[in-house]
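These notes concern the structure reproduced below.
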């Protein structure tokens with residue numbers, strides 16, 4: 191009986207998409223935490239893309255500081271996208 195050696199291309203694509211969405215959210219977190227100028231075009235583009243990807247997570251947990259709030263809001267969303275990508279990759283792979 192032959193063992194399945196690798197994942198299918200569809201599973202790899204789904205897993206990669208989930209990782210890219212999470213990476214975009216983490217990039218937004220890095221920009222906010224490091225104080226990257228919000229007027230910068232790259233920072234604006236990343237913030238605009240990260241906003242809808244955060245889904246229902248912003249405001250779900252209240253934090254005392256702005257930096258911690260951004261970490262929670264977008265960090266939880268990043269973990270969500272990695273998990274969803276992994277689960278969907280396993281289902282379709």
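In our numbering, the protein residues as written are 191 to 283.
C-beta: ideal position from N, C-alpha, C; glycine also.
Source: prediction; values computed, not measured.
Would you check if there are 3 or more beta carbon pairs closer than 8 Å linking the segment 231-238 to the segment 248-260? Result no; under three Cβ-Cβ pairs closer than 8 Å.
Using the Cα positions of residue 312 and residue 248, report the straight-line distance between them to the nearest angstrom. The chain is shown from 191 up to 283; residue 312 falls before or after that span and cannot be answered.
Simplified DSSP assignment, three categories, for residue 252: Three-state DSSP puts residue 252 in coil, outside helix and strand.
My output table needs one value for residue 235: the three-state DSSP class, helix, strand or coil. Reduced to three states, the DSSP call for residue 235 is helix.
Can you tell me the Cα-Cα spacing of residue 203 and residue 251, whole angstroms? Cα to Cα, residue 203 sits roughly 31 Å from residue 251.
For residue 243, tell me which candidate among 280, 265 and 220 has the shortest Cα-Cα distance. Nearest C-alpha to residue 243: 265.
Answer yes or no: does any C-beta atom of chain D fall closer than 7 Å to that of residue 278? Judged by its chain identifiers, the structure shown contains no chain D, having just a single protein chain.
Buried or exposed by the 16-neighbour rule on C-beta atoms within 10 Å, applied to residue 270: Buried: at least 16 other Cβ atoms inside 10 Å.
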